[in-house]
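Visitor: One structure, as structure tokens, below. Some questions next.
Chains as they are written, first to last, in the working numbering: chain A, 44 to 281; chain B, 44 to 281.
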């Protein structure tokens with residue numbers, strides 16, 4: 044079983060690749076035991092989404108063609124809409140979005156710097172891989188919110204996503220320059236560690252740390268399986 | 044009378060400052076004689092708006108506080124919505140947005156580089172000043188489109204704008220650090236030349252260049268007057 048957070052190195056078994064026909068998101072297990080209170084959840088989720096949007100904006104600004112800009116602007120629009128709906132949810136609950144995002148700036152900004160990418164292609168992989176992982180993660184974490192906001196937040200994460208648009212751009216780039224594949228595969232693997240770390244820092248742990256670690260393991264195993272399928276869609280080894 | 048495009052240097056008279064109560068946008072004169080055909084107009088307007096959005100994204104990424112990020116993300120959302128509606132208009136007319144934006148990349152990208160700004164404050168002034176000017180410009184140019192698209196494009200430019208949000212952020216920044224005022228006033232003046240140039244490159248001129256120059260002068264005089272009022276709102280001399 045994968046345990047990315049164990050201090051002792053363990054053998055990590057990445058789940059087998061599945062065929063392209065499989066759903067990208069599986070929702071067998073959730074994280075309801077580790078959901079912070081509503082305001083903390085929303086502030087964190089809103090700031091993470093803003094960072095995912097910033098990554099897309101960076102990819103947009105450095106895109107080599109207007110066709111790529113057109114696709115990325117659409118993906119950016121979906122991400123910004125998610126951020127806006129999370130902020131609306133904060134206001135609905137009587138909170139101050141800026142103040143609630145503040146505690147997340149240190150570690151989310153560090154995540155952003157670590158996943159910046161050396162060029163447009165790597166930034167695009169960052170957008171594709173980290174947004175896929177984190178939207179999936181927050182959707183599973185939202186299950187532990189009170190019923191009404193949980194339902195609305197689920198709708199937000201079930202909304203339109205730029206994933207297919209980004210996958211198409213990446214497939215095209217790799218098709219045009221097959222030598223990109225090994226570099227982007229390596230970059231995709233590097234992203235998993237930082238993305239898991241910023242996810243983990245979003246969890247509210249109890250007293251019994253060891254048993255908590257065991258309980259989150261299956262969720263992260265599924266999140267990594269979804270990541271593997273995302274990479275597989277591009278023809279890259281995760 | 045202002046003539047920024049004359050080769051011979053002429054004395055430029057900037058219109059007098061007006062009180063804050065005045066409307067920011069005057070629409071006495073338009074540019075209908077110089078409107079390119081619908082597809083060229085929409086491609087250019089969409090690419091310019093995408094660049095205004097990219098500037099806002101850059102200001103968002105480098106914003107010093109989550110409160111500033113919250114304001115700028117709203118402004119970015121309005122700008123992206125304008126871009127999207129212009130792209131929808133292209134699709135409505137059976138055009139290909141990416142292909143129609145392509146001819147604008149060289150000079151609009153040059154405009155973007157020239158108006159980049161040395162830090163967050165200058166980038167914010169760029170967002171405030173160039174979006175105000177260019178949205179005003181394209182609204183006046185749209186008057187020359189066929190009636191139906193002209194009406195819809197007018198609605199797009201009359202839509203929500205981040206101008207007041209950006210002005211509030213800048214007022215706050217200058218209030219907290221009054222020494223910023225002279226540097227930002229100078230930056231605001233420098234932006235006018237590049238913004239007028241990229242506007243002018245959006246016009247379709249006729250055979251009689253000299254008479255065309257005379258006919259566009261009053262429009263640019265009004266656009267500069269609006270710019271002066273925008274700077275005045277910040278307490279800066281234009």
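The beta carbon of each residue, even a glycine, is placed where N, CA and C say it ideally should be. Note that the coordinates shown come from a computational prediction; the quantities given were computed from them, not determined experimentally.
Measure the C-alpha to C-alpha separation of residue 85 of chain A and residue 200 of chain A and round it to an integer number of angstroms.
Guide: For the purposes of this step, residue 85 of chain A is identified with residue 42 of the first chain, where counting begins at 1. For the purposes of this step, residue 200 of chain A is identified with residue 157 of the first chain, where counting begins at 1. Roughly 12 Å between the two C-alpha positions.
Visitor: Tell me whether residue 107 of chain B sits in a helix, a strand or coil according to DSSP, three-state version.
Guide: The residue you call residue 107 of chain B lines up with position 64 of the second chain. The answer is coil: DSSP assigns residue 107 of chain B none of H, G, I, E or B.
Visitor: Please list, in chain order, the chain A residues whose beta carbon lies closer than 8 Å to that of residue 166 of chain B.
Guide: Taking the second chain and counting its residues from 1, the one referred to as residue 166 of chain B is at position 123. Correct list: empty, because the minimum Cβ distance to chain A is about 12 Å.
Visitor: Using 8 Å as the cut-off, can you tell me whether the segment 140 to 153 of chain A makes contact with the segment 223 to 232 of chain A, which would need three or more C-beta pairs spanning the two stretches below that distance?
Guide: no
Visitor: Taking C-beta pairs closer than 8 Å, name the residues in chain A that residue 144 of chain B reaches, listed in chain order.
Guide: Your numbering for residue 144 of chain B matches position 101 in the second chain. Per Cβ cutoff of 8 Å: 109, 112, 113.
Visitor: May I ask which residues mark the beginning and end of the alpha helix (DSSP H) holding residue 233 of chain B?
Guide: Here residue 233 of chain B refers to the residue found at position 190 of the second chain. Note, residue 233 of chain B: alpha helix (DSSP H), 223 to 243.
Visitor: Assuming the contact rule is C-beta atoms closer than 8 Å, residue 122 of chain B and residue 174 of chain B should be a hit. Round their C-beta distance to whole Å, please.
Guide: Stepping through the second chain from its first residue, residue 122 of chain B is reached at position 79. Stepping through the second chain from its first residue, residue 174 of chain B is reached at position 131. Sure, about 7 Å apart at Cβ, within 8 Å.
Visitor: To which residues of the same chain is residue 278 of chain A closer than 8 Å at the C-beta, ignoring the five residues directly before and after it?
Guide: Reading the first chain from its first residue, position 235 is the one you call residue 278 of chain A. Contacts found: 214, 217, 224.
Visitor: Let me know if residue 251 of chain A comes out buried or exposed under the rule of 16 or more other beta-carbons within 10 Å of its beta-carbon.
Guide: On the first chain, position 208 is the one that residue 251 of chain A refers to. When all chains shown are included, residue 251 of chain A counts as exposed.
Visitor: So, residue 270 of chain B versus residue 186 of chain B, is the Cβ gap smaller than 9 Å?
Guide: By 1-based counting over the second chain, the position of residue 270 of chain B is 227. By 1-based counting over the second chain, the position of residue 186 of chain B is 143. The answer is no: Cβ separation not under 9 Å.
Visitor: Do you know how far the Cα of residue 88 of chain B is from the Cα of residue 181 of chain B?
Guide: In the second chain, counting from the first residue as 1, residue 181 of chain B sits at position 138. In the second chain, counting from the first residue as 1, residue 88 of chain B sits at position 45. About 7 Å.
Visitor: Counting only beta-carbon separations shorter than 9 Å, does residue 232 of chain A have a partner in chain B?
Guide: Start at 1 with the first residue of the first chain, and residue 232 of chain A comes out as number 189. Closer than 9 Å: no.
Visitor: Can you confirm whether residue 278 of chain B, when its beta carbon is compared against all beta carbons of chain A, has any partner nearer than 9 Å?
Guide: For the purposes of this step, residue 278 of chain B is taken as the residue at position 235 of the second chain. Answer no: the Cβ-Cβ gap between residue 278 of chain B and chain A never drops below 9 Å.
Visitor: When the Cα atoms are used, what is the spatial distance from residue 101 of chain A to residue 136 of chain B?
Guide: By 1-based counting over the first chain, the position of residue 101 of chain A is 58. By 1-based counting over the second chain, the position of residue 136 of chain B is 93. Spanning the two alpha carbons is a distance of roughly 30 Å.
Visitor: Applying a beta-carbon distance threshold of less than 7 Å, which residues of chain B neighbour residue 127 of chain A?
Guide: If you number the first chain from 1, residue 127 of chain A lands on position 84. Within chain B, the residues near residue 127 of chain A are 120.
Visitor: Please report whether the beta-carbon of residue 245 of chain B lies at a distance below 9 Å from any beta-carbon of chain A.
Guide: To locate residue 245 of chain B, count along the second chain from 1; it is residue 202. No, no contact with chain A.
Visitor: Does DSSP classify residue 284 of chain A as helix, strand or coil?
Guide: As shown, chain A starts at 44 and ends at 281. That puts residue 284 of chain A outside it, with no answer to give.
Visitor: Going along chain B in order, which residues have a C-beta closer than 9 Å to the C-beta of residue 100 of chain A?
Guide: Position 57 of the first chain, counted from the first residue, corresponds to residue 100 of chain A. Correct list: 96, 97, 99, 100, 101, 103, 104, 119.
Visitor: Mind listing the chain B neighbours of residue 140 of chain A? Cutoff is C-beta to C-beta under 7 Å, in chain order.
Guide: One-based indexing of the first chain puts residue 140 of chain A at position 97. The answer, in chain order, is 113.
Visitor: Go ahead and label residue 92 of chain B buried or exposed: buried means 16 or more other beta carbons lie within 10 angstroms of its beta carbon, across all protein chains shown.
Guide: As a first step, residue 92 of chain B is located in the second chain; it is residue number 49 there, counting from the start. Flag for residue 92 of chain B reads buried.
Visitor: Taking the alpha-carbon of residue 221 of chain B as reference, which of B:82, B:164, B:195 has the nearest alpha-carbon?
Guide: Taking the first residue of the second chain as position 1, residue 221 of chain B is located at position 178. With distances taken between Cα atoms, residue 221 of chain B lies closest to B:164.
Visitor: Residues of the segment 197 to 213 of chain A in Cβ contact with chain B at a cutoff of 8 Å, in chain order, please.
Guide: Answer in chain order: no residues at all.
Visitor: If you follow the alpha helix (DSSP H) that residue 275 of chain B is part of, which residue opens it and which one closes it?
Guide: What you label residue 275 of chain B is simply residue 232 of the second chain in a count that begins at 1. In the DSSP annotation of this structure, the continuous segment of the alpha helix (DSSP H) that includes residue 275 of chain B starts and ends at 252 to 276.
Visitor: Can you give me the Cβ contacts of residue 90 of chain B inside the same chain, cut-off strictly under 6 Å, excluding the 5 residues immediately before and after it?
Guide: Residue mapping note: residue 90 of chain B aligns to position 47 of the second chain, counting from 1. 144, 147, 151, listed in sequence order.
Visitor: Which one of B:155, B:105, B:128, B:78 has the shortest CA to CA distance from residue 236 of chain B?
Guide: Position 193 of the second chain, counting from 1, holds the residue named residue 236 of chain B. Checked all of B:155, B:105, B:128, B:78; the closest Cα to residue 236 of chain B is B:155.
Visitor: Closer than 6 Å by C-beta to residue 334 of chain A: which residues in its own chain qualify, once you throw out the five before and the five after it? Chain order, please.
Guide: Beyond the ends of chain A as shown, which are 44 and 281, falls residue 334 of chain A; an answer cannot be given.
Visitor: Applying the 10 Å Cβ sphere with the 16-neighbour rule, what's the burial state of residue 117 of chain B?
Guide: The residue labelled residue 117 of chain B in the question sits at position 74 within the second chain. By the 10 Å Cβ count, residue 117 of chain B comes out buried.
Visitor: How close, in whole Å, do the beta carbons of residue 244 of chain B and residue 192 of chain B come, if the pair is a contact with beta carbons under 8 Å?
Guide: For the purposes of this step, residue 244 of chain B is taken as residue 201 along the second chain, with counting starting at 1. For the purposes of this step, residue 192 of chain B is taken as residue 149 along the second chain, with counting starting at 1. Actually they do not touch by this definition, with Cβ atoms about 21 Å apart.
Visitor: Of all the residues that make up the segment 145 to 157 of chain A, which are near chain B by a beta-carbon distance shorter than 9 Å?
Guide: Under the 9 Å Cβ criterion, the segment 145 to 157 of chain A contributes 145, 147, 148, 155.
Visitor: Which word fits residue 177 of chain B, buried or exposed, when buried means at least 16 other C-beta atoms lie within 10 angstroms of its C-beta?
Guide: Numbered from its first residue, the second chain carries residue 177 of chain B at position 134. With 16 or more other CB atoms across the displayed protein chains lying within 10 angstroms of its CB, residue 177 of chain B is buried.
Visitor: Under a three-way DSSP split, which group does residue 150 of chain A fall into?
Guide: To locate residue 150 of chain A, count along the first chain from 1; it is residue 107. Looking at residue 150 of chain A - three-state DSSP - the assignment turns out to be helix.
Visitor: Compare the C-beta of residue 177 of chain A against all C-beta atoms of chain B and say whether one is closer than 9 Å.
Guide: Locating residue 177 of chain A in the first chain gives position 134, counting from the first residue. Not closer than 9 Å to any Cβ of chain B, the Cβ of residue 177 of chain A fails to qualify, so no.
Visitor: Do you know offhand how far residue 211 of chain A's Cα is from residue 234 of chain A's?
Guide: Position 168 of the first chain, counting from 1, holds the residue named residue 211 of chain A. Position 191 of the first chain, counting from 1, holds the residue named residue 234 of chain A. C-alpha separation (whole angstroms): 20 Å.
Visitor: Taking all protein chains shown into account, decide if residue 272 of chain B is buried (16 or more other Cβ within 10 angstroms of its Cβ) or exposed.
Guide: The sequence position of residue 272 of chain B within the second chain is 229, counting from 1. Residue 272 of chain B comes out buried.
Visitor: Can you pull the chain B neighbours of residue 93 of chain A, defined as C-beta to C-beta under 9 Å?
Guide: Here residue 93 of chain A is taken as the residue at index 50 of the first chain, counted from 1. In chain order: 103, 109, 112, 113, 116.
Visitor: May I have the straight-line CA-CA distance separating residue 11 of chain B from residue 254 of chain B, to the nearest angstrom?
Guide: Since the displayed chain B opens at 44 and closes at 281, residue 11 of chain B lies outside it and no answer follows.
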